[in-house]
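Q: The sequence shown begins at 484 in the numbering used here and counts up one residue at a time. Don't be surprised by glycine CBs; every beta carbon is placed ideally from N, CA and C. Since this is a predicted model, take the numbers as computed values, not measurements.
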Amino acid sequence: MCYAIPGKVVTIDKKIATVEYFGEAKQAINEFDDLKVGDYIYAQGGYVIKQIPEAEALSILATWKETFFQLHELDLRLSRMDLDKTGIDKKLAVILDKAAEDLPLKEADLLHLLNLEGDKELEYLFKIANFLRQKHLGNSCCVHGIIEFSNYCSQGCAYCGISTHNKGIKRYRMTKQEIIDTAYEAIEKYGFKALVLQSGEDPHYSVDDLADIIREIKNRSAVLIFISFGEVGLAGLKKLYGAGARGLLMRFETTNPELFAKLHPGRTIKTRLAHLEEAFKLGYLIITGGLVGLPGQTKEDILKDILLTKKMNTEMYTFGPFLPHPNTPLKDAPPPPVRDVLKTLAVARIADAKNAKIVVTTGFETLHPKAREEGLVAGANSVMLNVTPAKYSQNYTIYPDRAHSGESLQEQIDETLGILRGLGRAPTDLGVTNA
Ligand code: SF4
484 MCYAIPGKVV TIDKKIATVE YFGEAKQAIN EFDDLKVGDY IYAQGGYVIK QIPEAEALSI
544 LATWKETFFQ LHELDLRLSR MDLDKTGIDK KLAVILDKAA EDLPLKEADL LHLLNLEGDK
604 ELEYLFKIAN FLRQKHLGNS CCVHGIIEFS NYCSQGCAYC GISTHNKGIK RYRMTKQEII
664 DTAYEAIEKY GFKALVLQSG EDPHYSVDDL ADIIREIKNR SAVLIFISFG EVGLAGLKKL
724 YGAGARGLLM RFETTNPELF AKLHPGRTIK TRLAHLEEAF KLGYLIITGG LVGLPGQTKE
784 DILKDILLTK KMNTEMYTFG PFLPHPNTPL KDAPPPPVRD VLKTLAVARI ADAKNAKIVV
844 TTGFETLHPK AREEGLVAGA NSVMLNVTPA KYSQNYTIYP DRAHSGESLQ EQIDETLGIL
904 RGLGRAPTDL GVTNA
C-alpha cells in the first residue's frame, strides 16, 4: 500500500534511471528494455517496477501534490529540534550535537546512548533521531505487505512459537494458487507495491515451487518481491532471484556467536551471515536485524547488531523485541522494556542516518500498543501490514497475542493511514536513492 508516487524519467545511464519527483531527482535500477526519457514510472526499494501511461501519472500527481506538501509541512514541524537542554548531562549533549551535525560518532558514544535511562535524556535522543530521519529521508514511509503462507518449520529456534518446540499449534499451508491470489488482491485491490512472502523453513515447498509462485505473481502484477523462507542456500537464492525476487528478509537475530548457537540448534551465525552476503552480491535488497532483549544479551551485543546491519548495506533495518512464547524453551524469560526497543531504533537511525529504512515491527506493536506512533518519531520510517488471509494469520503465532491479529486488511490500512497522516508521513516509498 505504498502509493509509490509516479516519477518522470529524466535520464537513463545504462541500468540507472534518474527520476524526478516533485522537483527532487532520485535514482533507481531499471530492468525494462523499452524505458525512455520522459516516461513515467513507479519505483520501489530502488527498482523501477512499472511503467505507467503519462495521462494516468499526471492525474495521480495532481491528486497527490497538495497532500504531499501538506504532509511534508506537518512532518517538518513535528521533527523540529525544540530542545530544552536544561539538566541534560554534558557528555550526552556533546554526543547528540555531533549526531545532529552528521559528525561521526564513536562506538563508545553509541553505547552511551543505548545505556541512557532518564526520561529527559531519552526524549532528547528520540528527538535527534527523528530530526535526522526527516533531514535525510523526508517524510516518506514504506508500507510493505507480508504474506505468511506456511507456519510449518523444521527448525527449533528457542524463542519462536512456530518452531518444532510448539506441539500445540494448528499448522497450515496455503496452496500455490492461494498465495498467488492473495498477492494479486493485495497489489491490485489494496495498492501494495512491495510484498514479503514468508514462511517457516518448510520443505513442503521446493525452491522450484517457490520460484513458480514468484514468477506467476510477477507475471500478473508489478510488484517488488522480498522472500523470507529461511536459509535456502546459494543455489536457491540464485534461482529465486532469476524468478523475479529482488529482496531478502532474513534476520541474523544476534551477532553474539555463543548466543546465536544456543538459540538456533544446528545453525551458525557464520552461515546466516554468508547467506545475507551472497544475497547482497546477487543483487537482493536486504532486510535484516536482530532481536532486542534476548536472555543473556548485552547492550554491547545490540550495538554490534546495529553496526553489522549497517555494514551489510541493509535496505531496511528490522529490530523487534524478544517476546516469550509459552510453548518454547524461553517461556519464562521476560521481554525487554519498551524503552530498550525505542533506543535501538533511535541508535540505528543515528548510526546510519542518511540511508536506513527502519521498520516498526509487529513484535514491537505487540509489546507496546503505541509502538508505531512512538517508533516513527524515534527514527523509524517503515511499517509492514499483514495481508495473509485472517483464517491463516491467526495461527502464525511466532509470539503470543500478536498485534492486529483478527483485524481485516482494510482495518489495518485505515489505522495505519490515520497514524501516518497525524505524523505528516506519506505512505510512499520513493524507493530510490538521492541523485
Ligand atoms: S525463527 Fe524462523 S527458522 Fe526459526 S523456528 Fe521460527 S520460523 Fe523457523
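Going by C-alpha to C-alpha distance, which of Pro489, Ile499, Leu588 sits closest to Ala836?
A: Leu588
Q: Do the CB positions of Ser682 and Phe709 come within less than 8 Å of each other?
A: no
Q: Leaving out the 5 sequence neighbours to the left and right, which residues in its chain are closer than 8 Å to Gly766 when beta-carbon positions are compared?
A: Tyr724, Arg729
Q: To the nearest angstrom, how far is the alpha carbon of Val427 from that of Asn702?
A: The structure shown does not extend to residue 427, since the chain is modelled only from 484 to 918, so the question has no answer here.
Q: Any heavy atom of ligand 1 within a distance shorter than 7 Å of the CB on Cys643?
A: yes
Q: Given a threshold of 16 other Cβ atoms within 10 Å of its Cβ, counted over all protein chains shown, does Gly772 qualify as buried or as exposed?
A: buried
Q: Can you tell me whether Glu684 sits near ligand 1, meaning its C-beta is under 7 Å from at least one heavy atom of the ligand?
A: yes
Q: Per DSSP, which residues does Cys625 bridge with? Please list them.
A: Ser865
Q: Can you tell me which of the three DSSP states Ser682 falls into?
A: Looking at Ser682 - three-state DSSP - the assignment turns out to be strand.
Q: So, does the stretch 605–621 touch the stretch 829–843, judging by three or more C-beta pairs under 8 Å?
A: Three or more beta-carbon pairs drawn from the stretch 605–621 and the stretch 829–843 are found closer than 8 Å, and the two stretches are therefore classed as touching.
Q: Whose CA, out of Phe763, Ala762, Thr738, lies closest to the CA of Ile789?
A: Thr738
Q: Using a 10 Å radius around the Cβ and a threshold of 16 neighbouring Cβ atoms, would you call Asn864 buried or exposed?
A: Buried, by the Cβ-count rule.
Q: Rounding to the nearest angstrom, what Cα-Cα distance links Asn513 and Thr754 in this structure?
A: 31 Å
Q: Can you name, in chain order, every residue of its own chain whose Cβ lies under 6 Å from the Cβ of Val493, other than the five neighbours on each side?
A: Thr501, Glu503
Q: Would a C-beta distance cut-off of 8 Å place Tyr882 and Gly506 closer than the cut-off?
A: No, the Cβ-Cβ distance between Tyr882 and Gly506 is not below 8 Å.
Q: Say the cut is 7 Å; is the CB of Gly713 nearer than that to a heavy atom of ligand 1?
A: yes
Q: Taking the straight line between their C-alpha atoms, what separation do you get for Arg904 and Ser562?
A: 14 Å
Q: In the DSSP output, which residue or residues are listed as bridge partners for Ile710?
A: Leu680, Leu731
Q: Does the pairing of the stretch 783–798 with the stretch 581–596 give three or more beta-carbon distances under 8 Å?
A: yes
Q: Quick one: residues in its chain with C-beta nearer than 7 Å to the C-beta of Ala918, no 5 flanking neighbours on either side, listed in chain order?
A: Since pLDDT at Ala918 reaches only 45, below the 50 mark, its modelled position is unreliable, and the value read off the structure follows with that caveat. Thr501, Ala508, Lys509, Gln510.
Q: Should Gly528 and Leu707 be called a contact, given that it needs their Cβ atoms to be closer than 8 Å?
A: yes
Q: Give a yes or no on whether the C-beta atoms belonging to Met657 and Phe632 are separated by under 8 Å.
A: yes
Q: Any beta carbon of chain D sitting closer than 8 Å to that of Asp664?
A: Structure shown: chain D not included; a single protein chain is present.
Q: Any idea which residues DSSP pairs Lys533 with across the strands?
A: BP columns for Lys533 point to Tyr525.
Q: Just reading off the alpha helix (DSSP H) that Gln895 is part of, what are its end residues?
A: 892–906
Q: When the Cα atoms are used, what is the spatial distance from Val915 to Ala526?
A: Unreliable placement is indicated for Val915, whose pLDDT of 49 sits below 50; no coordinate value is reported for it.
Q: Taking C-alpha atoms, which residue in Glu600, Asp522, Glu606 lies nearest to Ala861?
A: Glu606
Q: For Leu642, which three-state DSSP category applies?
A: It is worth fixing the name first, because residue 642 is Tyr in this sequence and not Leu. Three-state result, Tyr642: coil.
Q: Per the contact definition of three or more C-beta pairs closer than 8 Å, is the stretch 618–638 in contact with the stretch 677–694?
A: yes
Q: What I want to know is whether the C-beta of Ile543 ends up closer than 7 Å to one or more non-hydrogen atoms of ligand 1.
A: No - ligand 1 has no heavy atom lying nearer than 7 Å to the Cβ of Ile543.
Q: Got a sec? Which residues, its chain only, sit under 7 Å from Gly846 by beta carbon, not counting five neighbours each side?
A: Gly803, Pro804, Leu806, Tyr882
Q: Looking only at C-alpha atoms, which of Thr849, Val531, Ile770 sits nearest to Lys793?
A: Ile770
Q: Report the option in Leu892, Asn810, Arg885 whose CA atom is closest to the CA atom of Ile652.
A: Asn810
Q: Reducing DSSP to helix, strand and coil, say where Gln510 ends up.
A: Residue state for Gln510 is assigned as strand, using DSSP reduced to three classes.
Q: Rounded to whole angstroms, how far is the Cβ of Lys853 from the Cβ of Leu608, which I believe are closer than 8 Å?
A: Contact doesn't hold; Cβ gap of about 17 Å is too wide.
Q: Ala726 and Ala694 look like a contact to me (Cβ under 8 Å); what is the Cβ gap, rounded to whole Å?
A: 4 Å
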